[in-house]
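Numbering (our numbering), first residue to last: 6 to 357.
Report on the structure given below.
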């Protein structure tokens, strides 16, 4: 006989990471092309000397530095093994079996997975035609069983960001018993005229938390460190769900160093934003209806042609992220990488 395991596991899909092909440009995982910022890389090397010791289980030094950086009390901050781990901790903290987790769709692929892992019920709400989250439809979908709403802004994989005005109106509609998680993994790339500040919203409301990460703009995807800000009544239970020592000592040191590298980061994100505009403009000239992305990627709503476009790009040694039957997400790389992608995109248009 085999050991008993959960009978529902076969129904939980596995998370599919962006592919990597030897010799190809990888524009599939929303990583930065450059490595960690130079000052951060130096901090990682220094911290490596102490890798024989367990890290601070509370990530206290990082939490204190984050609190100062964000101008909030340390009690309102907790760190985690990337913001996706904090998303899972949040579901575990607020949902009982059968409770509902709402989110726009298409959005971050992990939401339905982590909901099912916690025995919650994932409830996707279709996006608007332009790829933006439909906040009115999400608010309308709230039921007595709803316990958590994920709002990804800018939205992954489509790119549009919610304005502060839209967010305020949406949050006013949500019952205080329902937790709203503002997933701001791409916050540093936003250049909109009325941007949302999830930290400010989380400090002003009793049922809102903000999630951010060092994986994207700061270039620490391989170290796994993110953070959550919110009311103490939510931060404390989320922190209890942490796998002990999951935020390593190198990750903690790197996170602290990142917060001291503001000028370096701004220069890096400004360069990505400029390339984002250039790539989007070129794709629009090719006839693609590319949404106004505020992240470090663009979305091509190709529908049934998505898989063919993906295959064509791989033939040209460019790896993008395909969502079959829906579209393709393309990370903004450095200018040379982006040119290789655009050359492939032009070839696909010519061929079809």
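Cβ coordinates follow ideal geometry from the N, Cα and C atoms, glycine included.
- Under the three-state reduction of DSSP output, residue 296 falls in the coil class, being neither helix nor strand.
- In the structure shown, residue 268 adopts helical secondary structure according to DSSP, grouped into three states.
- Counting the other CB atoms within 10 Å of its CB gives residue 62 a total below 16, which places it among the exposed residues.
- Unbroken alpha helix (DSSP H) stretches of 4 residues or longer found wholly inside the segment 101–138: 115–122, given in chain order.
- Here DSSP, grouped into helix, strand and coil, assigns residue 173 to helix.
- Residue 114 holds the alpha-carbon nearest to the alpha-carbon of residue 20 among 331, 114, 351.
- Taking the Cα of residue 169 as reference, the smallest distance to any Cα among 207, 149, 146, 152 is reached at 207.
- Straight across, the Cα-Cα distance linking residue 323 with residue 348 is about 10 Å.
- In terms of Cα proximity to residue 156, the closest of 108, 178, 176 is 108.
- Here residue 72 carries a helix assignment [DSSP, helix/strand/coil].
- Counting C-beta pairs closer than 8 Å gives fewer than three between the segment 193–209 and the segment 26–38, which falls short of the contact rule.
- Along the length of the segment 138–211, whole beta strand (DSSP E) runs at least 3 residues long occupy 151–157, 184–188, reported in chain order.
- The way I'd put it, the segment 326–343 does touch the segment 35–43; three or more beta-carbon pairs between them come closer than 8 Å.
- In this structure residue 118 touches residue 18 by the C-beta definition: roughly 6 Å separates them, less than 8 Å.
- Residue 12 is classed as exposed because its beta carbon has fewer than 16 other beta carbons within 10 Å across all chains shown.
- With distances taken between CA atoms, residue 162 lies nearest to 302 out of 310, 321, 302.
- Beta bridge pairing from DSSP links residue 30 with 323.
- Residue pairing of residue 216 in beta bridges, as defined by DSSP: 188, 233.
- The DSSP-derived three-state label of residue 274 is helix.
- When DSSP states are grouped into helix, strand and coil, residue 283 belongs to the helix group.
- DSSP, reduced to helix, strand and coil, places residue 248 outside both helices and strands of the structure shown, so it counts as coil.
- The distance from the Cβ of residue 311 to that of residue 332 is about 5 Å, consistent with a contact at the 8 Å cut-off.
- Taking the CA atoms as reference points, residue 262 sits about 37 Å from residue 129.
- When the Cα atoms are used, residue 225 and residue 200 turn out to be separated by approximately 24 Å.
- The Cβ atoms of residue 96 and residue 153 lie closer than 8 Å to each other.
- A Cβ-Cβ separation of about 5 Å places residue 260 in contact with residue 219 under the 8 Å criterion.
- For the pair of segments examined, the segment 72–79 was found not to touch the segment 278–293: the number of CB pairs separated by less than 8 Å stays below three.
- The C-beta distance from residue 90 to residue 254 rounds to 17 Å, too long to fall under 8 Å, and the pair is not in contact.
- Nearest to residue 10 by alpha-carbon distance, out of 92, 345, 122, is 122.
- The C-beta distance from residue 194 to residue 277 rounds to 6 Å, short enough to meet the 8 Å contact threshold.
- The Cβ atoms of residue 235 and residue 252 do not sit closer than 8 Å to each other.
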